[in-house]
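J.: Residue numbers (the numbering used here): 2 to 143.
Ideal placement from N, C-alpha and C gives every residue a C-beta, glycine not left out.
All figures in this text were calculated on a predicted structure; none of them were measured in a lab.
Structure below; questions to follow.
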Amino acid sequence: MSETLDTPAATAAVITEPVPDLQLQLLMRLLDREQRSSLPITLTTSSGILHGDLIGHEAWKADWARALRQVEGEGTNLLAEFPETVDQGIREMVADDDASSLPRWIHLRDATLVMGGAGKVRLSLWRGRLADVSGWALGRPQ
Numbered sequence: 002m003s004e005t006l007d008t009p010a011a012t013a014a015v016i017t018e019p020v021p022d023l024q025l026q027l028l029m030r031l032l033d034r035e036q037r038s039s040l041p042i043t044l045t046t047s048s049g050i051l052h053g054d055l056i057g058h059e060a061w062k063a064d065w066a067r068a069l070r071q072v073e074g075e076g077t078n079l080l081a082e083f084p085e086t087v088d089q090g091i092r093e094m095v096a097d098d099d100a101s102s103l104p105r106w107i108h109l110r111d112a113t114l115v116m117g118g119a120g121k122v123r124l125s126l127w128r129g130r131l132a133d134v135s136g137w138a139l140g141r142p143q
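Here's what the structure looks like:
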């Protein structure tokens, strides 16, 4: 005689991830349409307040490549092409219906990170996970 245990489906392990702000994702998608577009923005993250010009993925890739081409040394050309190489690999792995998915990464140009008592850190380019942004506002602090 065998016994069966009735286990509710709710006892199954659930993996949760932070959910990106849908409006910010759609704003990013809009900026991706025009590489020259940017928008001043202030973000709240666990590291502090971050402000700069919000840019699309293609603009970030172009700025990345341009910045690395100004650096002398072996391997800089390879690194300049790195984001495009990654994008090509992803396109090959992802089905066509996933091509219209919402962005999961956010990109800033001329960014400033303000961290509590540690002061400010200025960055020419910044890339972060959209799900790690806990709040945002258009414009920069005055």
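Starting from Leu-23, trace the alpha helix (DSSP H) in both directions and tell me its first and last residue.
T.: 23-33
J.: Starting from Asp-64 and walking both ways along the alpha helix (DSSP H), at which residues does that stretch end?
T.: DSSP places Asp-64 inside the alpha helix (DSSP H), whose first and last residues are 58-70.
J.: When you compare only the Cα positions, how much space is there between Arg-128 and Glu-82?
T.: Cα-Cα distance, rounded: 16 Å.
J.: For Met-29, does the count of other Cβ atoms within 10 angstroms reach 16, so buried, or fall short, so exposed?
T.: buried
J.: Hey, how far is the Cα of Thr-17 from the Cα of Ala-132?
T.: 12 Å
J.: Using the Cβ count rule (16 or more neighbours within 10 Å means buried), how would you classify Lys-62?
T.: buried
J.: Assign Asp-98 to buried or exposed, taking buried as 16 or more other Cβ atoms, counted over all protein chains shown, within 10 Å of its Cβ.
T.: Residue placement at Asp-98 cannot be trusted, given a pLDDT of 49 that sits under 50; the coordinates are not used to answer.
J.: Could you please give the first and the last residue of the uninterrupted beta strand (DSSP E) stretch that includes Leu-131?
T.: Segment: none, Leu-131 is in no beta strand (DSSP E) and carries neither H nor E.
J.: Would Pro-142 be called buried (16 or more neighbouring beta carbons within 10 Å of its own) or exposed?
T.: The residue in question, Pro-142, is exposed, as its Cβ has fewer than 16 Cβ neighbours within 10 Å.
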